[in-house]
Amino acid sequence: MSIFKAVVGLSLLLSGLSAFAVDREGIEKSVQLKDGSTVHVFKDGKMAMEDKLGRPYRMKPGQMMQTTDSQSMAMQGDEVARLSNGQRAHMRP
Ligand SMILES: [Cu+2]
321 MSIFKAVVGL
331 SLLLSGLSAF
341 AVDREGIEKS
351 VQLKDGSTVH
361 VFKDGKMAME
371 DKLGRPYRMK
381 PGQMMQTTDS
391 QSMAMQGDEV
401 ARLSNGQRAH
411 MRP
């Protein structure tokens, strides 16, 4: 849906203004969770977790997550290395 994509695009734009800078190439969308953390969904459907302080953390595949709009989603994969690699790339001087 184009409206949905516009909303996701806007939220990516807004979150891009925060201190958190990750290499967003390969990240299709990022969803806020009720506990304040964020799940990043890669183009291949795998996911990586980021806590409320912007640090990547591990989550078991299959674990359920609650989004801020009260939807449930199941964790796919655990791409924490992919996410932190992206972050490290941006920390180069
Ligand atoms: Cu997760």
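Residues in the sequence shown are numbered consecutively from 321, following my numbering. A virtual CB, placed ideally from N, CA and C, is assigned to each residue, including glycine.
Limits of the beta strand (DSSP E) - the one that M379 falls within: Translated into the one-based positions of the sequence shown, residue 379 becomes position 59. Here M379 belongs to no beta strand (DSSP E), and DSSP marks it neither H nor E.
What first and last residue would you give for the beta strand (DSSP E) that runs through E348? One-based indexing of the sequence shown puts residue 348 at position 28. Start and end: 347-352.
Which residue comes first and which comes last in the beta strand (DSSP E) that contains Q386? Translated into the one-based positions of the sequence shown, residue 386 becomes position 66. Looking at the DSSP string, the run of the beta strand (DSSP E) that includes Q386 is 384-386.
Opposite A359 in the DSSP bridges: which residues? Translated into the one-based positions of the sequence shown, residue 359 becomes position 39. Rather than Ala, the amino acid found at residue 359 in this sequence is Val. The partner list for V359 (beta bridge, DSSP) reads V351, M369.
Same chain only: Cβ atoms within 7 Å of H360, ignoring 5 sequence neighbours per side: As a first step, residue 360 is located in the sequence shown; it is residue number 40 there, counting from the start. Here the set comprises I347, S350, M367, A368, E370, L403.
From K354, T358, A326, pick the residue whose C-alpha is nearest to that of V400; which is it? Within the sequence shown, residue 400 is the residue found at index 80, counting from 1. Considering only K354, T358, A326, the residue with the shortest C-alpha distance to V400 is T358.
Does the beta-carbon of Q383, which I'm using as the reference point, lie nearer than 7 Å to any heavy atom of ligand 1? As a working note, residue 383 is residue 63 in the sequence shown. Result yes, Cβ under 7 Å from ligand 1.
For a quick check, are the C-beta atoms of T387 and K354 less than 8 Å apart? Here residue 387 is taken as the residue at index 67 of the sequence shown, counted from 1. Here residue 354 is taken as the residue at index 34 of the sequence shown, counted from 1. Yes, the Cβ-Cβ distance between T387 and K354 is below 8 Å.
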